[in-house]
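Enquirer: In the working numbering, the protein residues as written are 94 to 242.
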């Protein structure tokens, strides 16, 4: 049914990798911006406005399109015949990692909205701790795909 996708496999894989790298860069950087935002500004001051502009552009212009592209090319790879062996464990652990990254992305989006409203109570320390989540999930995903356990 999806045999035609085999012709596009190298392109799909390359575009998936590029979009994942872009998305991951944002997932690493946005919580770092939030650390500085939470620790060095107050709602309405000039730093707050600068951080909000940076955070908005990073999330809406870079991260959201990269996440959508990652999902789009990832689903295309899943539909490509012979790419995924659903009887193995690795596709399921990879999917768990992807869902975790997607949840984290949306968690960051909610925190950005709190900064906009001036109601963000999350501390810089919490943002620092949460900043480790994408690394852990990335390790799960990469080991799942490469080792195929």
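Virtual Cβ for every residue (Gly too), placed ideally from N, Cα, C.
Could you give the residue range of the alpha helix (DSSP H) that holds residue 205?
Expert: Residue 205 -> alpha helix (DSSP H) spans 183 to 210.
Enquirer: In the structure shown, what three-state DSSP assignment does residue 225 receive?
Expert: DSSP places residue 225 in coil when its eight states are reduced to three.
Enquirer: Where does residue 139 fall in DSSP's three states?
Expert: DSSP places residue 139 in helix when its eight states are reduced to three.
Enquirer: Near residue 186, what residues of its chain come up, given a Cβ to Cβ distance below 7 Å and the 5 sequence neighbours on each side ignored?
Expert: Correct list, in chain order: 233, 237.
Enquirer: How is the alpha helix (DSSP H) around residue 173 delimited, first residue to last?
Expert: First-last for residue 173: undefined, no H or E at that position.
Enquirer: Taking the C-alpha atoms as reference points, what is the distance between residue 152 and residue 96?
Expert: So the two alpha carbons sit approximately 35 Å from each other.
Enquirer: Is the CB-CB distance between residue 105 and residue 170 below 9 Å?
Expert: Taking 9 Å as the Cβ cut-off, residue 105 and residue 170 qualify as a contacting pair.
Enquirer: Is it the case that the segment 197 to 211 contacts the segment 123 to 143, given that we only count it when at least three CB pairs across the two stretches are under 8 Å?
Expert: Yes, the segment 123 to 143 touches the segment 197 to 211.
Enquirer: Can the beta-carbon of residue 183 be found closer than 9 Å to that of residue 140?
Expert: No. Outside cutoff.
Enquirer: Could you tell me the boundaries of the alpha helix (DSSP H) in which residue 125 lies?
Expert: Per DSSP, residue 125 belongs to the alpha helix (DSSP H) from 102 to 133.
Enquirer: Can you say whether residue 116 is buried or exposed, counting buried as having 16 or more other CB atoms within 10 angstroms of its CB?
Expert: Counting Cβ neighbours within 10 Å, residue 116 comes out buried, since at least 16 surround it.
Enquirer: Alpha carbons only, please: which of 99, 213, 173, 198 is nearest the one belonging to residue 123?
Expert: The residue with the shortest Cα to Cα distance from residue 123 is 198.
Enquirer: Can you give the beta carbon distance from residue 213 to residue 204, rounded, assuming they're within the 8 Å contact cut?
Expert: 6 Å between Cβ atoms; contact.
Enquirer: Give me the Cα-Cα distance between residue 144 and residue 165, rounded to the nearest whole angstrom.
Expert: Going by the C-alpha atoms only, they are around 30 Å apart.
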